[in-house]
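K.L.:
There are 2 protein chains.
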Amino acid sequence: MSHENLDYQNRIRKQGFRLTPQRQMILDAICEGGGHTTFDEIFARVQAKAPAVHKATLYRNLEFLCDLRLVVSADLGAGRKVYEICHATPHHHLVCRECGKIEELAHHTVEPFFAQIEAAQNFAVDMDHLILFGTCPDCRNNQDKSP
Amino acid sequence: MSHENLDYQNRIRKQGFRLTPQRQMILDAICEGGGHTTFDEIFARVQAKAPAVHKATLYRNLEFLCDLRLVVSADLGAGRKVYEICHATPHHHLVCRECGKIEELAHHTVEPFFAQIEAAQNFAVDMDHLILFGTCPDCRNNQDKSP
DNA sequence: CTACATGCAAAGAGTTTGCATCCGC
DNA sequence: GCGGATGCAAACTCTTTGCATGTAG
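This is how it looks when you write it as structure tokens:
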């Protein structure tokens, strides 16, 4: 989940914006999440390195990085929101209602489903970040054992 | 989108809860939404009839009605949350990003997709209210005409 | 008459904004 | 040095909670 190959330095500077240490640390902190990270996790990681960084700066920069499409955010509902480095291929998530664990769902699994909706109803679904709730394999096992 | 056939009076009273005028008005107001209604819309409709009804009462009752499964809520992300009367069959929605229009998506279209995920990853998707964003047929036509 | 509900106000959490200062370019 | 970015604090919105009063059953 590295962001080194994104040429983010130039993509920020090209438009007259500045590559501040805070922005670099924030990008690093999102990468450390290994895929999806909450605001609080990012904030904790940044603060560990630079305690002076303010929450307002993180709010402003998450919006900024999303605008530049260096980062994408996904709203899990119920106030839960996660951020991750933006990659070329859209990908999706399965969120367990029991334990909160997040699994990945490949885009090629989702694509035929969207295509089917388009064929049937002429509605072009455009979700680069689908979130599906349910029960993960582990929790399904535990439920079977203790009904 | 009537709720008269839900036997909601008894379903509330059976468990020792009370059928207050406020609760009736709130149920009515959700129905008026014709499918999905935001908190503010419900509040405005209730206040039009009874200005004394407090926001806290609406918060408490929306949670209460969702607990009793008389109402379901769907989180559209970005702070957008809608409520509607709960019906037997789960149903899903296609939301147009351009015009905001909401179309229905039949459950039998969605079911095989969930089954496929379960077969592949052993993850039991449990969404009785899937929301998919995209572009509706009308807006797709308009886009073609003016690129 | 009893316990659940309501209205009110105040507290709480999460996020945004105005402004002086700072610093990348 | 210019203009964008930061840190700070205050403001703001949205939601929840405690409590006295009201009222459905």
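Protein chains in written order, with the numbering used here: chain A, 186 to 332; chain B, 186 to 332. Where is the CB? At the ideal position from N, CA and C, for every residue including glycine. Keep in mind the model is a prediction, meaning the values are calculated, not measured.
1. Taking a contact to mean a Cβ-Cβ separation below 7 Å, would you say A:Leu260 touches B:Gly262 in this structure?
2. Given this structure, state the Cα-to-Cα distance separating A:Ile197 from A:Asp313, to the nearest angstrom.
3. How would you call A:Val269, buried or exposed, if buried means at least 16 neighbouring beta carbons within 10 angstroms?
4. At a Cβ threshold of 7 Å, is A:Pro275 touching chain B?
5. Under 7 Å, Cβ to Cβ, is there at least one residue of chain B near A:Asn307?
6. What are the start and end residues of the beta strand (DSSP E) that includes B:Lys259?
7. Quick check on this structure: which residue in B:Gly319, B:Pro236, B:Ile316, B:Gln194 has the alpha carbon closest to the alpha carbon of B:Leu253?
8. Between the region 271-283 of chain A and the region 313-328 of chain A, do three or more beta carbon pairs fall short of 8 Å?
9. To the nearest whole angstrom, what separates the beta carbons of B:Leu211 and A:Thr294, a pair I think is in contact under 8 Å?
10. Sorted by chain position, which residues of the same chain lie with C-beta nearer than 7 Å to A:Thr242's C-beta, five sequence neighbours on each side aside?
11. Can you tell which of B:Ser258, B:Gln306, B:Val256 has the C-alpha that lies nearest to the C-alpha of A:Ile287?
12. Closest to B:Gln200 by CA distance: which of B:Val231, B:Phe249, B:Lys234, B:Arg230 is it?
13. Does the Cβ of B:His221 have 16 or more other Cβ atoms within 10 Å, making it buried, or fewer, making it exposed?
14. In the DSSP assignment, find the unbroken alpha helix (DSSP H) run with A:Arg198 in it and report its ends.
15. Figure out for me which residue from A:Ala233, A:Gly264, A:Pro236, A:Thr223 has the closest Cα to the Cα of A:Leu247.
16. Would you mind sorting B:Phe298 into buried or exposed? The rule is 16 or more other CB atoms within 10 Å of its CB.
P.N.:
Let me spell this out:
1. According to the sequence provided, residue 260 of chain A is Asp. The question's Leu does not apply to it. Contact flag set, yes.
2. About 23 Å.
3. A quick correction: the sequence has Glu, not Val, at residue 269 of chain A. Counting the other Cβ atoms within 10 Å of the Cβ of A:Glu269 gives 16 or more, which makes it buried.
4. Chain B contact via Cβ: absent.
5. So yes, A:Asn307 belongs to the interface.
6. Residue identity check: residue 259 of chain B is Ala in the sequence provided, not Lys. 256-262 is the span of the beta strand (DSSP E), which, as asked, contains B:Ala259.
7. Sorting B:Gly319, B:Pro236, B:Ile316, B:Gln194 by C-alpha distance to the C-alpha of B:Leu253 places B:Gln194 at the top.
8. Because the criterion of three Cβ pairs below 8 Å is met, the region 271-283 of chain A and the region 313-328 of chain A touch.
9. It should be pointed out that residue 211 of chain B corresponds to Ile in this sequence rather than to Leu. In this structure, B:Ile211 and A:Thr294 do not form a Cβ contact; the two beta carbons are roughly 40 Å apart against a cut-off of 8 Å.
10. Excluding residues within five positions, the ones whose Cβ falls inside 7 Å are Gln207.
11. It is B:Gln306 whose Cα lies nearest to the Cα of A:Ile287.
12. Of the candidates B:Val231, B:Phe249, B:Lys234, B:Arg230, the residue whose Cα lies closest to the Cα of B:Gln200 is B:Phe249.
13. By the neighbour-count rule (16 or more Cβ atoms within 10 Å), B:His221 is buried.
14. For A:Arg198, the enclosing alpha helix (DSSP H) stretches over residues 193-198.
15. Comparing Cα-Cα distances from A:Leu247 to each of A:Ala233, A:Gly264, A:Pro236, A:Thr223, the minimum goes to A:Thr223.
16. Classification for B:Phe298: buried.
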